[in-house]
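Novice: The structure's right below; bear with me while I get my questions together.
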Amino acid sequence: MIINYLHKIGWFIGLVLLQVLILNNVHIAGYATPFLYIYLILKFESDVPRNALMLWAFFLGLAVDVFSDTPGMNAAATVLLAFLRPTFLRLFVPRDTLDTLVPAVRTMGISPFLKYLVVSVLVHHGMLLTLEFFSFAHIGTLLLRIVTSALLTVTCIMAVEGIRKK
């Protein structure tokens, strides 16, 4: 149990540092920015209570906000993602395997995991980038940023999934 929490804290610190030191400075064609830090929220076990998941998400988003100088935008988007995550898991995972599932390509299969990943990333990015723009005056640019950033984030997460051993 304590080992599990230490493992999650290690991922928390590593993903926050990766996001704020490297990935926040990546802007492909001025539109696409990967937000890999949400990988931690997406990889929690399915039996984690929603309140605990939302607490982890809040502190993860807050840590990224503090170092990125964004006033609560990442925290709001990650809490929304954590709130909706159990619903997304119920949508894309058969009921008999939902008890103690750790979402991954190996445990869910490629198609259900990819559906879960794409929907989760689109919800997070939609919230985050809408808060960042805070206007619908340039809806085309907003949608382009959401889609390109989501594609880049999904690609990065699938790459990490391919590299991880378990």
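Heads up: the sequence shown begins at -4 in the working numbering, then just goes up one per residue.
Even glycine gets a Cβ: it sits at the ideal position worked out from N, Cα and C.
Just the Cα atoms here: how many angstroms apart are F87 and R140?
Specialist: One C-alpha to the other measures close to 26 Å.
Novice: Report the option in F7, S144, Y0 whose CA atom is closest to the CA atom of Y26.
Specialist: Out of F7, S144, Y0, S144 has the C-alpha closest to the C-alpha of Y26.
Novice: Under 8 Å: does the beta carbon of L126 sit that close to some heavy atom of the ligand ZN?
Specialist: Summarising the ligand content, the structure contains no ligands, and the ligand ZN is consequently not present.
Novice: Can you tell me which residues form a DSSP beta bridge with A27?
Specialist: For A27, which the question treats as bridged, DSSP gives the partners I23.
Novice: Would you grab the beta carbon distance between N69 and L123 for me? Rounded to a whole angstrom, and I think it's under 8 Å.
Specialist: The pair is a contact, with the Cβ atoms about 7 Å apart (cut-off 8 Å).
Novice: Mapping DSSP to helix, strand and coil, what is S115?
Specialist: S115 falls in the helix class under three-state DSSP.
Novice: Taking the alpha carbon of F164 as the reference point, which residue from I8, G121, F128, T148 has its own alpha carbon closest?
Specialist: Outside the displayed span of the chain (-4 to 161) sits residue 164, for which this structure offers no information.
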